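**Student:** Provided herewith is a single structure, encoded as structure tokens, for subsequent inquiry.
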Amino acid sequence: MKRLLPALTLILAPALGLAAPVPFQASYAVSVNGMTLGGMDSSLKYTATGYTYQKLTKANGLAAMLSGDTLTERSTGSKQGEQLSAQHYLHHHKSKRKDRRDEFTFTSPTRVTGQYESKPYDLSAPADTIDSALLELRLMDDLASGKPLNYQVASRGKIKPYRFQKLGTETLETPAGSYECEKVQVTADDGKRQTTVWLAPSLHYHIVRAAHRDDDEVIEVTLTRHQAR
């Protein structure tokens, strides 16, 4: 479980114009090298003026007994008509041995202020910078619209570029059903880390599966339940 939960943020700013996706609740099985070690619940909810996109991941079985790992990831912001704008982000990874938190606010279209592991930071950022959770919603929207899949993402006191490549279509069989998916992939500059994501047009481009490869370790999340709200 050492790298399981942090890696999941690779899988699902005020200046950002993002069309509001359909609200939903979804559950996923989380596995490492083919062995199921936990589960993840995600939800997108709206109020009259805002949104909350949250993911909660927990280890289960023996993994829970050994590590007690939990990961909470949450993006909140404003909703004006059909446009979403990120304002606040939380990434909290807690286990029996560690308690790591990255929390920040978009204080202006080009400024990110926060704390990572209790160390404050204040970043100058490109106007289209987003957080790691909103990256998933942006990917859904851009893939549906045929836009380039290039992003600037604020994470752990840094701004990181993500450039996804389209790899065509693939049909996936999951506990939630069979889905024709569009497949995209992003690779780290050193070539050692790679994330592949499958999104289903029939589910408004929600993520059906994501796989993160780091050296010889492969972490996967696979859809087990989906409900549009």
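Quick note on numbering: the sequence shown equals residues -19 to -1, 1 to 210 in mature numbering (1 follows the signal peptide of the UniProt record, and there is no 0).
Even glycine gets a Cβ: it sits at the ideal position worked out from N, Cα and C.
Note that the structure is a prediction, hence the values are computed from the model and not measured.
1. For residue 57, which option in 112, 104 and 161 has the closest C-alpha, if you only look at C-alpha atoms?
2. To which residues of the same chain is residue 88 closer than 7 Å at the C-beta, ignoring the five residues directly before and after it?
3. Using a Cβ-Cβ cutoff of less than 6 Å, which residues in the same chain neighbour residue -1 once the five nearest sequence positions on both sides are dropped?
4. Mapping the DSSP letters down to three states, classify residue 201 as helix, strand or coil.
5. Between 152, 200 and 86, which has its C-alpha nearest residue 19's C-alpha?
6. Pick helix, strand or coil for residue 99, following the three-state DSSP scheme.
7. Tell me, which residues are paired with residue 36 by DSSP?
8. From 76, 52 and 83, pick the residue whose C-alpha is nearest to that of residue 70; which is it?
9. Rounded C-beta distance between residue 160 and residue 183? I'm assuming under 8 Å.
10. Looking only at C-alpha atoms, which of 208, 192, 130 and 210 sits nearest to residue 11?
11. Where do the N-terminal and C-terminal ends of the alpha helix (DSSP H) with residue 153 fall, by residue?
12. Residue 171: buried (16+ other C-beta within 10 angstroms of its C-beta) or exposed?
13. My understanding is that residue 180 touches residue 140, with C-beta atoms under 8 Å, so please give their C-beta distance in whole angstroms.
14. Locate the alpha helix (DSSP H) running through residue 114, then write down its first and last residues.
15. In the DSSP assignment, what are the bridge partners of residue 209?
16. Measure the alpha-carbon distance for residue 102 versus residue 72 and round it to whole angstroms.
17. Can you check the stretch 154 to 184 for any beta strand (DSSP E) of at least 3 residues that lies completely inside it and give the ranges in chain order?
18. On the CB-based measure, 16 or more other CB atoms within 10 Å of its CB, does residue 25 come out buried or exposed?
19. Please check the pair residue 67 and residue 115, which I expect to be a contact at CB under 8 Å, by giving their CB distance rounded to whole angstroms.
20. Residues in its own chain within less than 6 Å of residue 194 by CB, not counting five upstream and five downstream?
21. Distance check for residue 3 and residue 30, CA to CA, integer angstroms please.
**Tutor:** Considering the structure as presented:
1. Locating residue 57 in the sequence shown gives position 76, counting from the first residue. Among 112, 104 and 161, the Cα nearest to that of residue 57 belongs to 112.
2. Taking the first residue of the sequence shown as position 1, residue 88 is located at position 107. Once the five neighbours on either side are set aside, the close Cβ partners of residue 88 are 94.
3. For the purposes of this step, residue -1 is identified with residue 19 of the sequence shown, where counting begins at 1. Excluding residues within five positions, the ones whose Cβ falls inside 6 Å are 63 and 122.
4. Here residue 201 is taken as the residue at index 220 of the sequence shown, counted from 1. If DSSP states are grouped into helix, strand and coil, residue 201 belongs with the strands.
5. Position 38 of the sequence shown, counted from the start, is the residue given in the question as residue 19. The shortest C-alpha separation from residue 19 is found at 200.
6. As a position in the sequence shown, residue 99 is number 118, starting the count at 1. Three-state result, residue 99: coil.
7. In the sequence shown, residue 36 corresponds to position 55, counting from 1. According to DSSP, which records beta bridges pairwise, residue 36 is partnered with 23 and 54.
8. Taking the first residue of the sequence shown as position 1, residue 70 is located at position 89. Ranking the options by Cα distance to residue 70, first place goes to 83.
9. Reading the sequence shown from its first residue, position 179 is the one you call residue 160. Reading the sequence shown from its first residue, position 202 is the one you call residue 183. 6 Å between Cβ atoms; contact.
10. Counting from one through the sequence shown, the residue named residue 11 turns up at place 30. The candidate whose alpha carbon is nearest that of residue 11 is 192.
11. In the sequence shown, counting from the first residue as 1, residue 153 sits at position 172. Careful: residue 153 lies outside any alpha helix (DSSP H), inside the beta strand (DSSP E) at 146 to 155.
12. As a working mapping, residue 171 is identified with position 190 in the sequence shown. Classification of residue 171: exposed, given that the 10 Å Cβ count is below 16.
13. Translated into the one-based positions of the sequence shown, residue 180 becomes position 199. Translated into the one-based positions of the sequence shown, residue 140 becomes position 159. The pair is not a contact, with the Cβ atoms about 24 Å apart (cut-off 8 Å).
14. If you number the sequence shown from 1, residue 114 lands on position 133. Here the alpha helix (DSSP H) through residue 114 covers 113 to 126.
15. Stepping through the sequence shown from its first residue, residue 209 is reached at position 228. In the DSSP output, where bridge partners are listed per residue, residue 209 has 5.
16. If you number the sequence shown from 1, residue 102 lands on position 121. If you number the sequence shown from 1, residue 72 lands on position 91. The straight-line gap from Cα to Cα measures roughly 15 Å.
17. 158 to 168 and 174 to 181
18. If you number the sequence shown from 1, residue 25 lands on position 44. Counting Cβ neighbours within 10 Å, residue 25 comes out buried, since at least 16 surround it.
19. Stepping through the sequence shown from its first residue, residue 67 is reached at position 86. Stepping through the sequence shown from its first residue, residue 115 is reached at position 134. So it is a contact: roughly 5 Å between Cβ atoms.
20. Here residue 194 is taken as the residue at index 213 of the sequence shown, counted from 1. Closer than 6 Å at the Cβ level, and outside the excluded window around residue 194, lie 175.
21. What you label residue 30 is simply residue 49 of the sequence shown in a count that begins at 1. What you label residue 3 is simply residue 22 of the sequence shown in a count that begins at 1. The straight-line gap from Cα to Cα measures roughly 15 Å.
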